[in-house]
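Student:
Here it is, written out as structure tokens:
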């Protein structure tokens, strides 16, 4: 086997021959036989290439000057001999662009360079100009496309009088055509084929006119070119596989180093490592390296530290692509099989590398979250006392520190308190209203409404009372009663900390109730009984909301009678259930009528009675609380109830579509049954 130095010398010789061939054709009348892009870039680097060639073949410039001084002593009668520089310029046609001065300057710069380094620099320049030019055994990529014959020159039209293939003489009707493969001249019938060829090795492949003889030779070599194409693709895929594995291994190694550091930090912060590793394994599905645990390097812990690793990216190169190109069916089938295997292996390697990196990223993210969550000493106390905390305690803990607030949010303490503990009836509407009052639009609407109502009934109170205000309560109670109504809604935290089951204990609750009573009284005065407008529609819908089915009416047909003391006769009296239903129906009518009179833009819409009934049941049938809850809920942009109840019902089709999709996702059997019955939602 040839040494690296010999391989380098042979490759330099091939590169020098290619450059000399292209320049020789270009400067000696065969410019059309040279690719224009190749010659343009070659002319830009011509000075550098020529200087390197002079240095390699003639040595440093000092040795050249000594030889020149010694040759000057020869006699004039001696036959003149041409120097190496003159011979090379003659080969290139004397049209060298840089000139001897620029060549000498570049030549002097190479004085301290070795011959091998100069050869590598020469080859690098040629590789940049014509990539993939070398098709020799020392290069992995052979020629995969037909190339024009480099030993041929462009034939002059005047030098050829007849077709080189059929022998027909050229005339005005039988014109000359050059073949771009052999550069001979043929007639139109013998040179009418086109073929993708390169004018020199490494040049761009273009469609060129070729003679029929060159076309037939190319067709015979087509199978060989196909084999070479498959070999080239197999080689490229093999390099991609190696690159993917090397890159993935480097990234995973860096992430594993970070993982070990994060595990040590988590252990020092008191995190539950067993629970953390179980969560990581459940989340990522990773397995331990080689099925064994890795002992931690820290001396503070005696327990082994289990380190998880993503599945390795295993790459196996099929041996079939190693075969040399042969024109046999067996070799072609083996190469095609190797191509399919490598393509599949490349896709699998890409998927495995992506999954491995995603697994490591997920693992690192969970470790960072565990360290952030377990860095505070309050975290241990929070985990131990979480089931004993009430919602009021959780709200108070949120104001202690950012770390504790993050721990409360991570543990979902608020959600668990609401789901696992019985929420008091007085606290329930405050939680709902606080959720609605988070939005600025809702707060602004409730503020304007409260101020308008406050101004109205303050004027009424001033007109009805003169000096009796001092006997109604203490100055502190009067000051508290005159504060803006919306303060109790905006200050949700203080409201939650001072809630009582008896709303009459707080002046704020009394003020809200009085404001609601003012609205209801004005609605009653403005809508007399028997009106066919909104009031009548509300009463009809409320009757249907609390209606009794026919079966229940038949079952409860027995009436209760009571004897009157005056006449002694018996009259029918209502049952306790009917009394409760009638009271709740009246409460629903009052709340809906008050809301329709206050929010005139939305007004009343059928279906609003069911939402109001739910709110009344939440607040234990307190009309005032239900009214303010309904007002806040409709004004809140989060739930978009206003768009659902506006005239024309703009959001109703959207809600029906959402309901259909949710039913199809979570109740597919019911959804299919409704579709079968052609029952639209």
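In full-length UniProt numbering, the protein residues as written are 1 to 681.
Note that the Cβ used here is the ideal one computed from N, Cα and C, for glycine as well.
Going straight from the alpha carbon of residue 438 to that of residue 541, what length do you get?
Tutor: Residue mapping note: residue 438 aligns to position 438 of the chain shown, counting from 1. Residue mapping note: residue 541 aligns to position 541 of the chain shown, counting from 1. So the alpha carbons of these two residues sit roughly 32 Å apart.
Student: What did DSSP end up calling residue 448 once you bin it into helix, strand or coil?
Tutor: Residue numbering aside, residue 448 sits at position 448 when the chain shown is read from its first letter. Helix, per DSSP.
Student: Determine the DSSP secondary structure at residue 728, reduced to helix, strand or coil.
Tutor: Since the first residue of the chain shown is 1 and the last is 681, residue 728 is not available in this structure.
Student: Distance check for residue 342 and residue 417, CA to CA, integer angstroms please.
Tutor: Walking along the chain shown from the start, residue 417 turns up at place 417. Walking along the chain shown from the start, residue 342 turns up at place 342. The alpha-carbon atoms of residue 417 and residue 342 are separated by roughly 57 Å.
Student: Would the stretch 121 to 132 count as touching the stretch 28 to 42 if we require 3 or more Cβ pairs under 8 Å?
Tutor: Yes, the stretch 121 to 132 touches the stretch 28 to 42.
Student: If you measure between the beta carbons of residue 15 and residue 122, is that distance less than 8 Å?
Tutor: Taking the chain shown and counting its residues from 1, one reaches residue 15 at position 15. Taking the chain shown and counting its residues from 1, one reaches residue 122 at position 122. Yes, these two residues count as a Cβ contact at 8 Å.
Student: Once you ignore the five residues that flank residue 52 on each side, which residues in its own chain have a CB closer than 7 Å to its CB?
Tutor: The residue given as residue 52 occupies position 52 in the chain shown. Here the set comprises 110, 118, 121 and 122.
Student: Roughly how many whole angstroms lie between the Cα atoms of residue 583 and residue 452?
Tutor: Residue numbering aside, residue 583 sits at position 583 when the chain shown is read from its first letter. Residue numbering aside, residue 452 sits at position 452 when the chain shown is read from its first letter. Near 29 Å, if we compare the C-alpha coordinates of residue 452 and residue 583.
Student: Between residue 9 and residue 45, what straight-line distance do the alpha-carbon atoms span, to the nearest angstrom?
Tutor: Translated into positions along the chain shown, residue 9 becomes position 9. Translated into positions along the chain shown, residue 45 becomes position 45. When rounded, the distance between both Cα atoms is 21 Å.
Student: If you draw a straight line from the alpha carbon of residue 277 to that of residue 402, how long is it in whole angstroms?
Tutor: The residue labelled residue 277 in the question sits at position 277 within the chain shown. The residue labelled residue 402 in the question sits at position 402 within the chain shown. Looking at the two C-alpha atoms, the distance is approximately 26 Å.
Student: Excluding five sequence neighbours on each side, which residues of the same chain lie with their C-beta closer than 7 Å to the C-beta of residue 134?
Tutor: As a first step, residue 134 must be located in the chain shown, where it is residue number 134. So the qualifying residues of the chain are 11 and 14.
Student: Within the continuous alpha helix (DSSP H) that includes residue 608, where are the two ends?
Tutor: Translated into the one-based positions of the chain shown, residue 608 becomes position 608. Residues 608 to 618.
Student: Considering only the beta carbon of each residue, do residue 33 and residue 148 sit closer than 8 Å?
Tutor: For the purposes of this step, residue 33 is taken as the residue at position 33 of the chain shown. For the purposes of this step, residue 148 is taken as the residue at position 148 of the chain shown. Taking 8 Å as the Cβ cut-off, residue 33 and residue 148 qualify as a contacting pair.
Student: Given this structure, state the Cα-to-Cα distance separating residue 393 from residue 407, to the nearest angstrom.
Tutor: Position 393 of the chain shown, counted from the start, is the residue given in the question as residue 393. Position 407 of the chain shown, counted from the start, is the residue given in the question as residue 407. Each residue's alpha carbon lies about 14 Å from the other.
Student: Let me check understanding here. Comparing Cα to Cα, which of 210, 54 and 679 lies closest to residue 177?
Tutor: Position 177 of the chain shown holds residue 177. Minimum Cα distance to residue 177 is reached at 210.
Student: Thinking C-beta only, is residue 624 closer than 8 Å to residue 516?
Tutor: Counting from 1 along the chain shown, the entry for residue 516 is found at position 516. Counting from 1 along the chain shown, the entry for residue 624 is found at position 624. Going by C-beta atoms, residue 516 is nearer than 8 Å to residue 624.
Student: Tell me whether the stretch 186 to 206 and the stretch 151 to 168 touch, counting them as touching only if at least three CB pairs, one residue from each stretch, are closer than 8 Å.
Tutor: As far as the Cβ criterion goes, the stretch 186 to 206 touches the stretch 151 to 168, which means the pair count is three or higher.
Student: By DSSP, does residue 437 sit in helix, in strand, or in coil?
Tutor: As a working mapping, residue 437 is identified with position 437 in the chain shown. In this structure, residue 437 counts as coil in the three-state DSSP scheme.
Student: How is residue 193 classed by DSSP in three states: helix, strand or coil?
Tutor: One-based indexing of the chain shown puts residue 193 at position 193. Reduced to three states, the DSSP call for residue 193 is strand.
Student: Would you list the residues sitting across from residue 208 in a DSSP beta bridge?
Tutor: Here residue 208 is taken as the residue at index 208 of the chain shown, counted from 1. 195.
Student: Please go through the stretch 3 to 30 and give each complete alpha helix (DSSP H) segment of 4 or more residues, from N-terminal end onward.
Tutor: Runs of the alpha helix (DSSP H) inside the stretch 3 to 30: 4 to 27.
Student: Considering only their Cβ atoms, is the gap separating residue 634 from residue 626 smaller than 8 Å?
Tutor: Your numbering for residue 626 matches position 626 in the chain shown. Your numbering for residue 634 matches position 634 in the chain shown. Cβ atoms of residue 626 and residue 634: not closer than 8 Å.
Student: Which residue wins for smallest C-alpha separation from residue 339, given the options 370, 232 and 359?
Tutor: Here residue 339 refers to the residue found at position 339 when the chain shown is read from its first residue. The residue with the shortest Cα to Cα distance from residue 339 is 232.
Student: Does the stretch 222 to 229 come close enough to the stretch 194 to 201 that 3 or more CB-CB pairs lie under 8 Å?
Tutor: Result no; under three Cβ-Cβ pairs closer than 8 Å.
Student: Return yes when the Cβ of residue 594 is within less than 8 Å of the Cβ of residue 656, no when it is not.
Tutor: The residue given as residue 656 occupies position 656 in the chain shown. The residue given as residue 594 occupies position 594 in the chain shown. Contact: no.
Student: Report the partner residues of residue 162 according to the DSSP bridge assignment.
Tutor: Counting from one through the chain shown, the residue named residue 162 turns up at place 162. Paired residue(s): 169.
Student: Does DSSP classify residue 579 as helix, strand or coil?
Tutor: For the purposes of this step, residue 579 is taken as the residue at position 579 of the chain shown. Note: residue 579 maps to helix in three-state DSSP.
Student: For residue 682, name the three-state secondary structure that DSSP assigns.
Tutor: Outside the displayed span of the chain (1 to 681) sits residue 682, for which this structure offers no information.
Student: Classify residue 186 as helix, strand or coil using the three-state DSSP reduction.
Tutor: Indexing the chain shown from 1 puts residue 186 at position 186. Residue 186: strand per DSSP, three-state reduction.
Student: Could you name the residues of the same chain whose beta carbon sits closer than 6 Å to that of residue 292, not counting the 5 residues immediately before and after it, in chain order?
Tutor: Looking up residue 292 in the chain shown gives position 292. Low local confidence applies: a pLDDT of 35 at residue 292 is under 50, so the model's placement there is unreliable, and no value is given.
Student: Buried or exposed: which applies to residue 349, given that a residue is buried once 16 or more other Cβ atoms fall within 10 Å of its Cβ?
Tutor: The count along the chain shown starts at 1 and reaches residue 349 at position 349. The residue in question, residue 349, is buried, as its Cβ has 16 or more Cβ neighbours within 10 Å.
Student: Taking only runs of the alpha helix (DSSP H) that begin and end inside the stretch 331 to 407, which ones reach a length of at least 4 residues, in chain order?
Tutor: You should have 378 to 385 and 391 to 397.
Student: Note down the Cα distance separating residue 620 from residue 382, rounded to an integer number of angstroms.
Tutor: The sequence position of residue 620 within the chain shown is 620, counting from 1. The sequence position of residue 382 within the chain shown is 382, counting from 1. Residue 620 and residue 382: Cα-Cα distance of roughly 33 Å.
Student: Can the beta-carbon of residue 266 be found less than 8 Å from the beta-carbon of residue 404?
Tutor: What you label residue 266 is simply residue 266 of the chain shown in a count that begins at 1. What you label residue 404 is simply residue 404 of the chain shown in a count that begins at 1. It is not a contact, given that the beta carbons lie outside the stated cut-off.
Student: Please return the same chain residues whose Cβ sits closer than 6 Å to the Cβ of residue 279, not counting the five positions on each side in sequence.
Tutor: Counting from one through the chain shown, the residue named residue 279 turns up at place 279. Excluding positions up to five away in sequence, the list is empty.
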